[in-house]
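My numbering puts the last residue of the sequence shown at 976; the count rises by one with no breaks.
All residues carry an ideal CB built from backbone N, CA and C; glycine is no exception.
Model, not experiment: these values are computed from the prediction.
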Amino acid sequence: VSCNKLLAKMAGDFEKPNKVHTLFPEEVERKFWPLPVRELFTVGASTAEKLEKARIRTIGDLAHTPLERVQKIVGMKLGKQLHDYANGIDDSPVLTEPEAAKGYSISTTLEDDVKRADQAYPVLLEWQSEQR
């Protein structure tokens, strides 16, 4: 439970057995900043490694690191997002209705790489006949 999607998501990942957790802005310093930086939403293994090599080990370290330094480590866009997230800032809207799908995909794994059109046509035709 929180006031924005990021903090609510992070609170939902807190340790059990308690079923419901809060993470409001006034709780960020106590509950959020001590967590390892790799636990921050959207921080993957590669990004965590870069941050840790730069001695940014906790979410609090990230929150207190100057934005420009974070951007030098992980890039402009991701740096801004992670710095905001570490400070509990997330302005993305909460949607009351699900968004329409932007696209759909179907994939087929083949035994061998297909490198020529004449190899691909039978696969595409078979897939097309299955869809009817």
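Thinking C-beta only, is residue 918 closer than 8 Å to residue 926? Annotated as proximal: residue 926 and residue 918, with beta-carbon spacing under 8 Å.
On the premise that residue 896 lies in contact with residue 872, defined as a C-beta separation below 8 Å, what is that separation, rounded to the nearest angstrom? Rounded, the Cβ-Cβ distance is 21 Å, inconsistent with contact.
Buried or exposed: which applies to residue 930, given that a residue is buried once 16 or more other Cβ atoms fall within 10 Å of its Cβ? Per the 10 Å Cβ criterion, buried.
Look at the alpha carbon of residue 955 and the alpha carbon of residue 946, and state the distance between them as a whole number of angstroms. Taking the CA atoms as reference points, residue 955 sits about 30 Å from residue 946.
Who pairs with residue 880 in a beta bridge, going by DSSP? Answer is 902, bridged to residue 880.
Looking only at its own chain, which residues have a Cβ that is under 6 Å from the Cβ of residue 879, when we skip the five neighbours before and after it? Contacts found: 903.
Does DSSP classify residue 965 as helix, strand or coil? In the three-state scheme derived from DSSP, where H, G and I count as helix and E and B as strand, residue 965 is classed as helix.
Own chain, CB closer than 7 Å to residue 859, minus 5 neighbours either side, in chain order: Excluding residues within five positions, none has a Cβ falling inside 7 Å.
Do residue 875 and residue 867 have their C-beta atoms within less than 8 Å of each other? Yes, the Cβ-Cβ distance between residue 875 and residue 867 is below 8 Å.
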